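What follows is a short report on a single structure.
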Amino acid sequence: MAVAEEHKSSMGKYVGVYVCLLVIAALQFVVAYSGAGASRMLVLMLLLAIVEAGIAALYFMHLGDERRGLLAFVGVITVFVLLALQYGWTDSNRLLSGVPWAK
Amino acid sequence: MADTGTFAACLVAYGYLRNATANWPHPFHSITNVALMTLILLTSSLTMLFAIDAAKAGDKPKAFRWTLITALLGAVFALLHIREWLALIGEGMTMFTNPWGTGLFGASFFSITGLHLLHVTGGVIALVAVGIRYLGGRYRADDLEITGLYWHFVDMVWMFVVPLVYLMNLGH
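Residue numbers (this note's numbering), protein chains in the order written: chain X, 1 to 103; chain S, 104 to 275.
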């Protein structure tokens, strides 16, 4: 029970982060109706999603309270995996217009 | 990390297909349902934090109540999702065909949202099971927190599914 008595509530901070996440989510919907081109819309929405997920990881999943070494490790691995997943984009363009059966 | 990689691979594969297919459908005409689902899932992350906070403060009944509220919100999210699936199926969409364009859309839509729905359903069951065991004294506050981490992860995945699968396919 000693641990329970020492516990300091962070609910105020969590509600603030929740409101922040709601605003970012709402911005994604605003972008969807902004009339921007598909590429621009995709970039904006992905940027908002990355910020939203980053905030959730830092505050809701307490990644921000972890050691800097772990934070850097997760960050580097995440960037590496995301970059590794990008190798197929040029090929997807080839399928659209660069092969004989392309429409 | 493995689950993150799975969802990332699914979403990139979806992007590949979308980019490589000329007649990609835009079947969504309203954002009401997906906006409501997003609100519910984000709110459920907050109620999960309330549960963990109460658990760390040693208030078991309060922690259990918030855990059940989180599970309830997850169940509502799942029901809304299933309702949306049924509406799309009613409009003629299957895994392989749809009235609007390439059949790849149905395959990728049902795969990605189905995998996410599976995680939500599993999370709801886990929340109830862990909550009951926590209340009964078999699990500690840390166990509830670990379940909460999973729940936040499910929420984070949704943050990417919404723009890529729904908002980029709005029919204006």
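Beta carbons are placed, not taken as given, at the ideal position from N, Cα and C, and that holds for glycine. These figures come from a predicted structure and were not determined experimentally.
- Judged by DSSP secondary structure, S:T141 falls within the alpha helix (DSSP H) whose first and last residues are 135 to 159.
- Ranked by Cα distance from S:G274, the options S:S133, S:M259, S:H184, S:A160 are led by S:S133.
- Nearest in C-alpha terms to S:L171, of all of S:M259, S:F263, S:Y237, S:D245, is S:Y237.
- Under the three-state reduction of DSSP, S:F199 is assigned to coil, being neither helix nor strand.
- Under the 10 Å beta carbon count, S:H255 is surrounded by 16 or more other beta carbons and is classified as buried.
- Around the beta carbon of S:A105, a 10 Å sphere encloses fewer than 16 other beta carbons of the protein chains shown; the residue is thus reported as exposed.
- Against chain S, the CB of X:L46 has a partner CB under 8 Å away; the residue lies at that interface.
- Chain-order list of chain X residues neighbouring S:A112: L85, by C-beta distance under 7 Å.
- Contact annotation for S:A138 against chain X: A25, A26, F29 [CB-CB distance below 9 Å, chain order].
- Listed along chain X, the residues sitting closer than 7 Å to S:V265 by beta-carbon distance are Q28.
- For S:L270, no alpha helix (DSSP H) encloses it, and the DSSP letter there is neither H nor E.
- Within 7 Å of the CB of S:D258, the CB atoms of chain X belong to A56, in sequence order along the chain.
- A contact between stretches requires three or more CB pairs, one per stretch, nearer than 8 Å, and the region 148 to 159 of chain S fails this requirement with the region 108 to 120 of chain S.
- Taking each of S:L182, S:V257, S:R186, S:K159 in turn and checking the Cα distance to S:L218, the smallest one comes out for S:V257.
- Taking S:M140 as the centre and dropping the five residues before and after it, the same chain places the C-beta of F180, L183 closer than 6 Å to its C-beta, in chain order.
- One Cα belongs to S:A244, the other to X:I55, and the distance between them is close to 23 Å.
- Under the three-pair Cβ rule at 8 Å, the region 221 to 234 of chain S counts as touching the region 161 to 175 of chain S.
- Taking a 10 Å sphere around the C-beta of X:K13, we find fewer than 16 other C-beta atoms and assign the residue as exposed.
- Chain order gives no chain X residues near S:V179, where near means a beta carbon separation below 7 Å; the closest approach is about 17 Å.
- Residues of chain S whose Cβ lies closer than 7 Å to the Cβ of X:E52 are, in chain order, M262.
- Contacts with chain S at 8 Å (Cβ-Cβ) do not include X:L71.
- Exposure of X:M11 is indicated by the presence of fewer than 16 other C-beta atoms within 10 angstroms of its C-beta.
- The continuous stretches of alpha helix (DSSP H) do not include S:A125, and DSSP gives it neither H nor E.
- The shortest C-alpha to C-alpha distance from X:V30 to any of X:A38, X:M45, X:C20 is the one to X:M45.
- Looking at the DSSP output, S:F131 bridges to S:L273.
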